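For reference, the structure discussed in these notes is given below.
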Amino acid sequence: QVQLVESGGGLVQPGGSLRLSCAASGTIRTFNTMGWYRQAPGKQRELVATITSTGISNYADSVKGRFTISRENAKNTVYLEMNKLKPEDTAVYYCTLRQPTNYWGQGTQVTVSS
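The numbering of the sequence shown is our numbering, which starts it at 24 and goes up by one.
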């Protein structure tokens, strides 16, 4: 079993920054993919970014150039640095780990509003 605990969400003004963290615990395989998805009210859950244990990252077009995903394998932790935030980035952000079974965190709210 794997548990994922997210932190770092909150309220921020447009143009601001936030950093999300997600720590995984339990039975973690050496090779896995961690990442972030988000779900806005009334919309489907969508990919934000993923990163493999070998450091290969992938981003949604809507966040390229603004968000940066990184990880610390020794801590089984993934981060999402979010800059130049827009109101349309408002959503619940979910951490995920795939190895290949997919595990999800409980989600953290990010609200971008003035």
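Beta carbons are placed, not taken as given, at the ideal position from N, Cα and C, and that holds for glycine.
Model, not experiment: these values are computed from the prediction.
Under 8 Å by Cβ, that's how I've got Glu104 and Arg61 pegged, so tell me the actual separation to the nearest angstrom. The residue given as residue 104 occupies position 81 in the sequence shown. The residue given as residue 61 occupies position 38 in the sequence shown. That pair is no contact at about 15 Å.
With Gly39 as the anchor, note down where its beta strand (DSSP E) starts and where it stops. Here residue 39 corresponds to residue number 16 of the sequence shown, with the count starting at 1. Looking at the DSSP string, Gly39 is not in any beta strand (DSSP E), and its letter there is neither H nor E.
So the beta strand (DSSP E) Ile74 belongs to, where does it begin and stop? If you number the sequence shown from 1, residue 74 lands on position 51. From DSSP, the beta strand (DSSP E) with Ile74 extends over 69-75.
Tell me Ala46's beta-bridge partners as DSSP assigns them. In the sequence shown, residue 46 corresponds to position 23, counting from 1. Bridge partners of Ala46: Val28, Thr100.
In angstroms with no decimal places, state the Cα-to-Cα distance between Ile79 and Gly65. Working through the sequence shown from its first residue, we reach residue 79 at position 56. Working through the sequence shown from its first residue, we reach residue 65 at position 42. Going from the Cα of Ile79 to the Cα of Gly65 covers about 31 Å.
For the beta strand (DSSP E) that Asn125 lies in, which residues bound it at each end? Along the sequence shown, read from residue 1 onward, the residue named residue 125 stands at position 102. Here the beta strand (DSSP E) through Asn125 covers 125-127.
Measure the alpha-carbon distance for Gln157 versus Val28 and round it to whole angstroms. There is no way to answer for residue 157, as the model of the chain reaches only from 24 to 137.
Touching by the beta-carbon criterion (3+ pairs, under 8 Å), the region 82-93 and the region 24-39: no
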